[in-house]
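Written below as structure tokens is the structure these notes are about.
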Amino acid sequence: MEHELYIRCKNKDRNAQRKLYEEYAGRFFATCKRYLKNDEDAEEVLADAFYIIFTKLDQLKDLQVFDAWAKKIVVNQCLQKLRKKQPFSISIEENFVDLVEAEPENVSEEKGILSLLNFLPEGCRTIFNLFAMEGYPHKEIAQMLSISEGTSKSQVSFARKKLQELVKLQTINS
1 MEHELYIRCK
11 NKDRNAQRKL
21 YEEYAGRFFA
31 TCKRYLKNDE
41 DAEEVLADAF
51 YIIFTKLDQL
61 KDLQVFDAWA
71 KKIVVNQCLQ
81 KLRKKQPFSI
91 SIEENFVDLV
101 EAEPENVSEE
111 KGILSLLNFL
121 PEGCRTIFNL
131 FAMEGYPHKE
141 IAQMLSISEG
151 TSKSQVSFAR
161 KKLQELVKLQ
171 TINS
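Under full-length UniProt numbering, the first residue of the sequence shown carries the number 1, and numbering increases by one thereafter.
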């Protein structure tokens with residue numbers, strides 16, 4: 001984010017806020033969709049995240065870290081939404097889609113591969129996103145979700161295995 005836009009947003013300039021929103025909304029919406037299957041939930045979380053970004057922008061001391069700071073807000077809002085929907089659960093027995101009947105998008109494209117995340121159980125998908133997509137270490141994931149590091153590691157391993165199976169099935173079915 002450029003310094004002038006930052007100053008204007010801090011001063012509650014609606015045009016600057018709109019410009020900032022337009023610049024980041026697509027990327028942050030994609031992040032929301034990795035955690036939340038429902039478009040309406042993702043849009044709600046995105047709006048909540050931008051509200052927090054705009055109201056807490058004055059707390060950001062180093063403009064160089066804006067991207068990471070804002071993305072962390074988006075991820076935290078996604079996790080909060082997941083906690084509100086139902087108690088966060090982790091189970092490798094959770095309603096895993098019948099892989100034979102599933103017809104995910106063409107996985108040769110990044111979007112297709114990311115769409116396969118929707119076939120993972122919610123808790124597993126969340127942990128995989130935090131670890132593989134956001135880069136959080138297992139220790140931090142464990143603290144964020146009130147689980148053990150071992151659970152975080154096992155869920156990432158389970159997710160990788162199931163994603164590999166989905167890619168393999170997609171390749172066979174193509």
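Glycine included, each C-beta is placed from N, C-alpha and C at the ideal position. Values in this document were obtained by computation on a predicted structure and should not be read as measured data.
Contacting residues, own chain, Cβ-Cβ under 6 Å from Ile52 (five flanking each side not counted): Ile73
Alpha helix (DSSP H) segments (min. 4 residues) lying fully within the UniProt domain "RNA polymerase sigma-70 region 2" (20-86): 39-56 and 66-85
Leu46 beta carbon less than 8 Å from that of Phe66: no
Extent of the continuous alpha helix (DSSP H) run through Glu140: His138 to Leu145
As assigned by DSSP and simplified to three states, the class of Ser148: coil
Neighbourhood of Tyr21 by C-beta distance below 7 Å, restricted to the same chain and skipping five residues each side: Phe50
Proximity below 8 Å, CB of Leu82 to CB of Glu122: yes
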